Amino acid sequence: MQAQKDSFLPYKLLSRRAMDKYEAYAALVKGITEMKFEGDPQPCILTLTGDNVLPIAVSTRGDVLVAAAVYGKGRIVVTAHETYMQDFSFLTPDGQFIKNAIEWLMPYTHAWVGVYGTSDLNKDNLSGISVKSLSNYDRTVGVCCRNAYNDTQVEDLLDFVRGGGGLLIGGQAWYWSSTHRGVDVSEEFPGNKLTGPAGIFFTNQYGEKGTFPIPCELPLNIQP
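Heads up, the sequence shown is in our numbering, so the first residue is 8 and it goes up one at a time.
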């Protein structure tokens with residue numbers, strides 16, 4: 008029943024419509040001039056398809072490392088390695104990007120943020136945001152945070168996002184690909200089963216590492 012599917016929304020949904028790329032980009036990069044992809048984590052390249060996807064962080068050579076999408080009534084933000092959403096010493100000082108992302112993903116004011124699987128989101132740095140740990144998605148939250156290495160509850164989570172929920176997910180597919188030779192990464196990598204329907208795909212290609220500038224306005228080459 009539709010009413011049951013939407014039961015996670017105890018408040019009126021914030022306005023959801025086809026992606027306004029200007030609005031989405033401004034919200035996600037608020038207060039940010041650069042993002043840091045350095046140190047041990049090796050990101051993968053994200054590939055994007057469709058009209059409702061938006062690259063947020065792009066390397067000097069053009070590798071997409073952070074992206075966002077609208078899917079149904081909900082929203083998705085993807086980082087090209089799970090460490091970037093777990094450890095606030097990466098990407099931006101004090102986790103500013105993760106805070107922006109969670110705010111943009113929220114379907115209603117003061118929504119609970121659920122962290123589950125092995126996604127160890129740094130809850131101590133999310134002051135003012137209600138965060139709780141979950142063993143599985145249970146329809147009690149407005150935003151889910153997880154890594155890309157588990158494909159349990161895929162249909163439940165896709166229904167959740169289509170109905171207005173937010174999904175923050177991080178991972179890379181190059182290691183998985185090395186242990187699943189001959190398997191189509193775009194279709195079989197667990198994370199792609201969640202993000203692929205929205206037009207964002209993890210790949211087995213290494214992404215460029217470094218610190219890259221984030222324009223304050225939507226770059227001309229990705230404007231609608």
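Each residue gets a CB set at the ideal place from its N, CA and C atoms; glycine is no exception. Given the structure is predicted, the values throughout are model-derived calculations rather than measurements.
- Assignment of beta-bridge partners to N211 by DSSP yields no partner.
- Closest in alpha carbon position to Q160, among Y144, R169, P222, D27, is Y144.
- With fewer than 16 other CB atoms across the displayed protein chains lying within 10 angstroms of its CB, S185 is exposed.
- Between L164 and C151 the beta-carbon gap is near 7 Å, inside 8 Å, which marks them as a contact.
- In this structure, I83 is the residue among L133, W119, I83, G178 with its C-alpha nearest to the C-alpha of P204.
- Counting along the chain, F97 sits inside no alpha helix (DSSP H), nor does DSSP assign it H or E at all.
- Within the same chain, and ignoring the five residues on either side of F167 in sequence, no residue has its Cβ closer than 6 Å to its Cβ.
- Contact check for A180 and G149: beta-carbon distance about 27 Å, past the 8 Å limit, so the pair fails to qualify.
- Looking only at K80, G81, Q103, the smallest Cα-Cα distance to Y91 is reached by Q103.
- Check the Cα spacing between Y123 and each of T147, S193, T40, C51: the tightest is with T147.
- With 16 or more neighbouring CB atoms inside 10 Å of its own CB, V73 falls in the buried class.
- Shown here for E45: same chain residues with a beta carbon closer than 7 Å to its own, the five before and five after excluded, namely K216, G217, T218 in chain order.
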